[in-house]
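Structure record follows, encoded as structure tokens.
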Amino acid sequence: MGQVRVTMQAFTQLDGLVAAIDRANVDTDAIIPKQFLKLIQRSGFGPNLFDEWRYLDHGEPGMDNSQRPLNPQFVLNAPRYRGAQILLTRENFGCGSSREHAPWALEDYGFRALIGTSYADIFFNNCFKNGLLPIPLPQAEIDALFAQVFATEGYRLKIDLDSQTVTRPDGEVLRFDIEPFRKHCLLNGLDDIGLTLRHADKIRAFEDGRRAEQPWLFS
Amino acid sequence: MPQTLYAKLWNSHVVHQEEDGTALVYIDRHLVHEVTSPQAFEGLKLAGRKPWRIGSVVATADHNTPTDHWDQGITDPVSRLQVETLDANIAAFGAKVYFPFRDARQGIVHVIGPEQGATLPGMTVVCGDSHTSTHGAFACLAQGIGTSEVEHVLATQCLLQKKSKTMLIRVDGALQTGVSAKDVVLAIIGRIGTAGGTGYAIEFAGSTISGLSMEGRMTLCNMAIEAGARAGMVAVDATTVEYVRGRPFAPIGADWDKAVACWRTLVSDPGARFDQVIEIDAGKLKPQVTWGTSPEMVTTVDGEVPDPTLESNPVKREGMERALAYMDLAPGTSIKAIRLDRVFIGSCTNSRIEDLRAAAQVVAGRKVAPTIRQALVVPGSGLVKAEAEREGLDRTFIDAGFEWREPGCSMCLAMNDDRLEPGERCASTSNRNFEGRQGAGGRTHLVSPQMAAAAAITGYFSDVRDWLR
Ligand code: SF4
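Chains as they are written, first to last, in our numbering: chain A, 96 to 314; chain U, 42 to 510.
What follows is the structure, encoded as structure tokens:
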């Protein structure tokens, strides 16, 4: 009891290349199409991130993705975004299905942080469980970032989780909010199951009380 | 102080709270299916952990399973492995009950929970599936979770969460004949948008909602997530209690009476304060049809495809243009002029017995249009299918030219063989019209069961109100 393991990649600071997807309501079906949800592992989803937008043919599990024709129109295929670790997005990113395969695919592709106006609730939660930092910023700041990314090849941002800041190349510092508990877990790469199990006695006591009062919930 | 239903559910399940408000919320019911559970069970095994209370788990295979030729099993080897992995995990860890592939009670996870009485009022319900909001119809705090959270709930019986804001959507007035819960919820999403409910728990109330059956309330809560809200809910009333009575896992005897007394308190107190209130006049609602690639891109059956050049917000305008290009629709096209290739009646939104009855009422004595390539009816569970067959609904559909299938998620997300071909257009009773949702390149229009049935008959969208007058 009480053992708290470090199971996910911690997030402290990042100086990364920024890629931008300029559309609202990007859903998790688009981030990772359903045929890849048939797989039973947690890793290896990166090559199929945005599969339907990214390739010209139809992808299925087990294909050699390196042999597939890329869609030259899709932003992430642009050479200037190769190796990007930060994804700039619009509002309601990650809406739709609860599939955690979406953050798994983003993380496996190489992204460590997202910057956007807003995220869907379940997706937002799922990111934190996988060492992926979703940063919300006001609309005007996001608009300015889009303009700068499009205007500047090799555009990079510095993210510092401890001070909750994003620093632009021109020195402008943008502050973001994050819940203290999530920040603590992410900074230390903590396994939240281990953290929760420190309260095992409380959970057990709660459960016993509930069982006594509403036994039908436990039959 | 008067409390909202959400606050009552929340307060009665908080085990522990961190300083920043992050709480450990106790989970009463955990629904499990094959797609989002393998990695969670694997994680549990790797960490050498045991499930906290495996008796809370109700499991079934639904997303990947075929809906025809059940004698041949699951022919896709990747899908089969996933379903067999669930079989093996349940064999190893246990469950309160498991309805495997081909069991008479198998079905869509959100249909079987209520059907079995495994979903009871006042419960916290989770499932690795966003449409878990469905169970909120029973005054449950029911939410979709990711796979890491599935593992967390398996290991600790708790979910880590912060309290949501509350939104009251009050719908009052009588619905016109031919206008259903599906139309109500599509109209709501059209009004508040797909992110309108983000960060909120929605309570649906008002005379229209009280007048809905449990099936209708489930349709409504099912799509709360399409409005961005993780949870939607309806207060307990006599309809709720009568639906639960006599279900296999419902309490009996003295426990039943005690439970009912407890459930009756699951309402928002008069004067309870909500962070946001939305009011809808149900009498004005018409049948809804989505025209784009997000559930908020919706209009009425007598409307037309909107013109993006009239939209002032540039991000929205571009979204509309992209959606129209994907859907191959021109601005100004009348909704009734849109020709369909396929029709799908099914999914956890609209595959319960009442949905099938409503659709059959429209289909009876008519024939599917020759231009329709396929019209599918996929009941939500084995028991729904059996009941429909007892009532002869299967004959009504088959005689009209529909295919009558085995239960499952089917063409709602097309993980099995039921799918649209690229470019095909479908009238669907499911909940998502995202690009590629029903098959790569497929075009989805979300509608009610009666609207889907009418579309199958004429091959175009038609106003089902004209058929039922
Ligand atoms: S029917 Fe569709 S929405 Fe419902 S659980 Fe199945 S795949 Fe998800």
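No residue lacks a Cβ here, since even glycine has one placed at the ideal position from N, Cα and C. As the structure is a computational prediction, the values presented were derived from the model and not from experiment.
{"query": "Could you check whether D310(U) and Q113(U) sit closer than 7 Å to each other, using their CB atoms as the reference points?", "result": "no"}
{"query": "Assign W111(U) to one of two classes, buried (16 or more other C-beta atoms within 10 Å of its C-beta) or exposed (fewer than that).", "result": "exposed"}
{"query": "Mapping the DSSP letters down to three states, classify Q259(A) as helix, strand or coil.", "result": "coil"}
{"query": "Counting C-beta neighbours from all protein chains within 10 Å, is the total for E186(A) 16 or more, i.e. buried, or is it exposed?", "result": "buried"}
{"query": "Taking contact to mean 3 or more Cβ pairs, one atom from each stretch, closer than 8 Å, check whether the segment 257 to 277 of chain U and the segment 226 to 245 of chain U are in contact.", "result": "yes"}
{"query": "Can you find the residues in the same chain that come closer than 6 Å, C-beta to C-beta, to L397(U), ignoring five residues on each side of it along the sequence?", "result": "A429, L434"}
{"query": "From L216(U), S174(U), G421(U), E345(U), pick the residue whose C-alpha is nearest to that of M512(U); which is it?", "result": "Residue 512(U) falls outside the range modelled here, since chain U spans only 42 to 510, and no answer is possible."}
{"query": "Ends of the alpha helix (DSSP H) at T188(U)?", "result": "188 to 197"}
{"query": "Report yes if the C-beta of C262(U) is less than 6 Å from at least one heavy atom of the ligand SF4; otherwise report no.", "result": "no"}
{"query": "With a threshold of 7 Å on Cβ separation, who are the neighbours of G97(A) within its own chain once the five nearest residues in sequence on each side are excluded?", "result": "Low local confidence applies: a pLDDT of 37 at G97(A) is under 50, so the model's placement there is unreliable, and no value is given."}
{"query": "7 Å is my cut-off, CB to CB: does S120(U) come that close to chain A?", "result": "yes"}
{"query": "Under the three-state reduction of DSSP, which class applies to K253(A): helix, strand or coil?", "result": "strand"}
{"query": "Evaluate A173(A) with the Cβ neighbour count: other Cβ atoms within 10 Å of its Cβ, from every protein chain shown; 16 or more gives buried, anything less gives exposed.", "result": "exposed"}
{"query": "Can you pull the chain U neighbours of N187(A), defined as C-beta to C-beta under 8 Å?", "result": "T235, A236, T239, G269"}
{"query": "Cα-Cα, which of V113(A), W148(A), D159(A), F206(A) is closest to V121(A)?", "result": "W148(A)"}
{"query": "So is I186(U) buried or exposed if we call it buried at 16+ other beta carbons inside 10 Å?", "result": "buried"}
{"query": "Assess, as a yes-or-no matter, whether the segment 122 to 140 of chain A is touched by the segment 274 to 292 of chain A under the definition of 3 or more beta carbon pairs within less than 8 Å.", "result": "no"}
{"query": "Is the number of C-beta pairs between the segment 485 to 498 of chain U and the segment 400 to 419 of chain U that are closer than 8 Å three or more?", "result": "yes"}
{"query": "Within the same chain, show all residues whose beta-carbon is closer than 8 Å to that of G257(U), passing over the 5 residues directly before and after it, in chain order.", "result": "S221, A222, E395"}
{"query": "Verify the contact flag: I149(U), CB atom, against every heavy atom of the ligand SF4, threshold strictly below 6 Å.", "result": "yes"}
{"query": "Scan the segment 55 to 67 of chain U for residues whose Cβ lies nearer than 9 Å to a Cβ of chain A and list them as they occur along the chain.", "result": "V55, V56, H57, E59, E60, D61, G62, T63, L65, Y67"}
{"query": "Please find out if some non-hydrogen atom of the ligand GDP comes closer than 6 Å to the beta-carbon of S388(U).", "result": "As far as ligands go, the structure on display features the ligand SF4 and does not contain the ligand GDP."}
{"query": "Compare the C-beta of L240(A) with all C-beta atoms of chain U and state if any pair is closer than 7 Å.", "result": "no"}
{"query": "Would the C-beta of D170(U) count as close to the ligand SF4, meaning under 6 Å from any of its heavy atoms?", "result": "yes"}
{"query": "Evaluate contact between the segment 63 to 82 of chain U and the segment 168 to 184 of chain U, counting only Cβ atoms and requiring at least three cross-stretch pairs below 8 Å.", "result": "yes"}
{"query": "Does any C-beta atom of chain A lie closer than 7 Å to the C-beta of D369(U)?", "result": "no"}
{"query": "If you draw a straight line from the C-alpha of A295(A) to the C-alpha of E302(A), how long is it?", "result": "10 Å"}
{"query": "What in chain A is Cβ-close to V356(U), meaning under 9 Å?", "result": "D117, R118, A119, R185, E186"}
{"query": "Please tell me whether H104(U) and C450(U) are closer than 7 Å, where the distance is taken between their beta carbons.", "result": "yes"}
{"query": "Use the C-beta contact count for E267(A): other C-beta atoms within 10 angstroms, 16 or more gives buried, fewer gives exposed.", "result": "exposed"}
{"query": "Roughly how many whole angstroms lie between the Cα atoms of G252(U) and A125(A)?", "result": "37 Å"}
{"query": "What runs of the alpha helix (DSSP H), each 4 residues or longer, lie entirely inside the segment 267 to 321 of chain U?", "result": "279 to 285, 294 to 304"}
{"query": "Can you say whether A461(U) is buried or exposed, counting buried as having 16 or more other CB atoms within 10 angstroms of its CB?", "result": "It is Leu, not Ala, that sits at residue 461(U) in the sequence shown. Buried, by the Cβ-count rule."}
{"query": "Could you please tell me which residues of the segment 426 to 459 of chain U, in chain order, have their CB closer than 7 Å to any CB of chain A?", "result": "L454, A455, M456"}
{"query": "Along the chain, where does the alpha helix (DSSP H) containing Y214(A) start, and where does it finish?", "result": "Per DSSP, Y214(A) belongs to no alpha helix (DSSP H) and is neither H nor E."}
{"query": "Excluding the 5 residues flanking G464(U) on each side, which residues of the same chain have their C-beta closer than 6 Å to its C-beta?", "result": "G482"}
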